[in-house]
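Undergrad:
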């Protein structure tokens, strides 16, 4: 016999969970009392439940293992909602365990009572409510199975306080019954044959690689498919690292801020082979104008994604790894390789005409692109890079060279500001021997920087690069381009503004803030200081490091496809797009 709390702990141990992130409260207190003496599971006490959720995401996304976040009822549970939604959008395997009020008072608006199962049902693969301690092992085992199979994602398990306190027989392994849940892993042979034939017959194919390839751990198989077919490869924001940036067949990232060759390859292609991608609006632009001459092979483990946005000529439901293996065999059996010489001549011309680059700012402040580029070069491909959301996220996706999967962590679908620091923290717990950077903006950093305290106390020495342009940079960029430069409520007063504006009040002073949290904190204002600061961060592993890089707020992310137009209207720099203010 075990208490329900004991059953939670024992089940997590049986499932192989070794690290959890959480914050205790009244309704989850029985479990925390059980967790206290545990030597099998390390608990990281966060400073905010959202930090626990993003840390669980970073843990999962960097390692491929399940991330676990724990919170109490009411506001503790609702503080997890943003991270749960984030994990849902980006297919991150995560289990959220929340305490709930006594079952006898549910529905009475009891203290800290919230229907978290109802709230999270649209943003989880499934949400469970447990009021019987005997059901805990099977429910958590089911949550683990759901989170990790098919299209990965978050699962919530809400356990009433009385279920945690009462006792019941502990049965392991439990019987897990999930009627109707049968993820398709192996694709239909005829669909594989049809896809292979389309590739063999194509003249201008593109392999459109999404985050599903990383979740399926299919990067080696992707490399083999690409080299056998000779087709160009583009990797979405969620797929950076799925295919080596250094490979000659890689065109870069597609989409709103993708490389010109990647964006235009779709527009001129005759075949798009989508592997674990979902034709997101940030990639397609105006869907009716996306890849207008191309047939589409769409491979996805989630049948709901097939033909949701772009109708597939060959729909293939299955695990990306399994499908690519079968596709390679089918392609080999055809025995003919497409002649792509003219296609590559065109793509190489685009690469020569439109290389990824940036111009130095003219206000005397630092170039954010150069800083991020140097972070990547000095750290190398074995590092892990977690980004917040905004301009710095796009620059990190563009200017760091990714050679391996799980090295790039970001909030792609939900676009959650504040993701970087706790995600980096989770990644460092999962991958303690790797260098982990949080590349953050001054706006994002102020949302979750309290987790630096967690890092210092728990010996989690992440590196934080604040790309400080003293503003909400991406919003400001859009205001410059589309709102005639009316910068409405985007100034943050966190750094030097340059020009006639002089020095701001620096509220807060990030160096003082970093030091208050026990981090090594330095400010960089000159180009010649950049490398030394990064090297010092790389050499410092006894505490977190915070570097406040004071950059130009006029720097913009290029290339850019404005929202609501087709990808053919991609612009390489602002001077090419004077008409955007009329959109």
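Residue numbers (this note's numbering): 226 to 808.
Positions of the beta carbon are idealized from the N, C-alpha and C atoms, including for glycine.
Small disclaimer: the values here were computed from a predicted structure and weren't measured.
Give me the Cα-Cα distance between residue 697 and residue 778, rounded to the nearest whole angstrom.
TA: 9 Å
Undergrad: Pull up the distance between the alpha-carbon of residue 531 and that of residue 391, whole angstroms please.
TA: 45 Å
Undergrad: Per DSSP, which one or two residues make a beta bridge with residue 407?
TA: Answer is none; residue 407 lacks a bridge partner.
Undergrad: Report the three-state DSSP secondary structure of residue 519 (helix, strand or coil).
TA: Residue 519: coil per DSSP, three-state reduction.
Undergrad: Per DSSP, what are the beta-bridge partners of residue 325 in this structure?
TA: 385
Undergrad: Between residue 736 and the rest of its own chain, which residues show a CB-CB distance below 7 Å, the 5 nearest in sequence each way excluded?
TA: 746, 747, 748, 773
Undergrad: Under the three-state reduction of DSSP, which class applies to residue 693: helix, strand or coil?
TA: strand
Undergrad: Between which two residues does the alpha helix (DSSP H) carrying residue 620 extend?
TA: 616-624
Undergrad: Quick check: the Cα distance between residue 808 and residue 707, rounded to an integer number of angstroms?
TA: Because the pLDDT of residue 808 is 35, which lies under 50, any placement of that residue in the model is unreliable, and the number read from its coordinates should be weighed accordingly. Each residue's alpha carbon lies about 7 Å from the other.
Undergrad: Could you please give the first and the last residue of the uninterrupted alpha helix (DSSP H) stretch that includes residue 257?
TA: 254-260
Undergrad: Just to confirm my understanding: we take residue 374, look at its own chain, exclude 5 residues before and 5 after, and list those with CB closer than 6 Å. What are they?
TA: 408
Undergrad: Using only the alpha-carbon positions, how far apart do residue 665 and residue 358 sit?
TA: The alpha-carbon atoms of residue 665 and residue 358 are separated by roughly 42 Å.
Undergrad: Leaving out five residues before and five after residue 322 in sequence, what residues of the same chain have Cβ atoms less than 6 Å from its Cβ?
TA: 295, 382
Undergrad: Can the beta-carbon of residue 478 be found closer than 8 Å to that of residue 786?
TA: no
Undergrad: With DSSP collapsed to three states, give me the class of residue 610.
TA: strand
Undergrad: Run through DSSP, which three-state label would residue 633 get?
TA: strand
Undergrad: Are the CB atoms of residue 442 and residue 289 nearer to each other than 8 Å?
TA: yes
Undergrad: Please classify residue 607: is it buried, with 16 or more other beta-carbons within 10 angstroms of its beta-carbon, or exposed?
TA: The residue is exposed, with fewer than 16 neighbouring Cβ atoms inside 10 Å.
Undergrad: Quick one: grab the DSSP three-state call for residue 376.
TA: Judged by DSSP in its simplified three-state form, residue 376 adopts coil rather than helix or strand.
Undergrad: Is residue 611 closer than 8 Å to residue 635 when the C-beta atoms are compared?
TA: The criterion of a C-beta distance shorter than 8 Å is satisfied by residue 635 and residue 611.
Undergrad: Check this for me: beta carbons of residue 395 and residue 362, under 8 Å apart or not?
TA: yes
Undergrad: Going by alpha carbons, who is nearest to residue 305 out of 332, 344, 268, 285?
TA: 344
Undergrad: Do you know whose CA, among 399, 346, 715, 341, lies nearest residue 364's CA?
TA: For the residues 399, 346, 715, 341, the minimum Cα distance to residue 364 belongs to 399.
Undergrad: Nearest by alpha-carbon distance to residue 314: which of 676, 783, 637 is it?
TA: 637
Undergrad: How far does the alpha helix (DSSP H) with residue 756 in it extend, from its first residue to its last?
TA: From DSSP, the alpha helix (DSSP H) with residue 756 extends over 755-764.
Undergrad: Quick check on residue 254 - is its C-beta less than 8 Å from some C-beta in chain B?
TA: Absent from the structure: chain B. Only one protein chain is present.
Undergrad: Taking contact to mean at least 3 C-beta pairs separated by less than 8 Å, is the region 645-655 in contact with the region 596-603?
TA: no
Undergrad: How many angstroms separate the CA atom of residue 346 from the CA atom of residue 340?
TA: 10 Å
Undergrad: Taking the alpha-carbon of residue 354 as reference, which of 376, 331, 301, 518 has the nearest alpha-carbon?
TA: 331
Undergrad: Only counting runs of 3 or more residues, tell me where the beta strand (DSSP E) segments fall wholly within the region 279-333, in order along the chain.
TA: Taking 3 residues as the minimum length, the beta strand (DSSP E) runs contained wholly in the region 279-333 are 292-296, 319-325, in order along the chain.
Undergrad: Can you tell me the Cα-Cα spacing of residue 618 and residue 397, whole angstroms?
TA: 44 Å
Undergrad: Within this structure, are the beta carbons of residue 241 and residue 312 separated by less than 8 Å?
TA: no
Undergrad: Tell me whether the beta-carbon of residue 464 lies closer than 8 Å to the beta-carbon of residue 476.
TA: no
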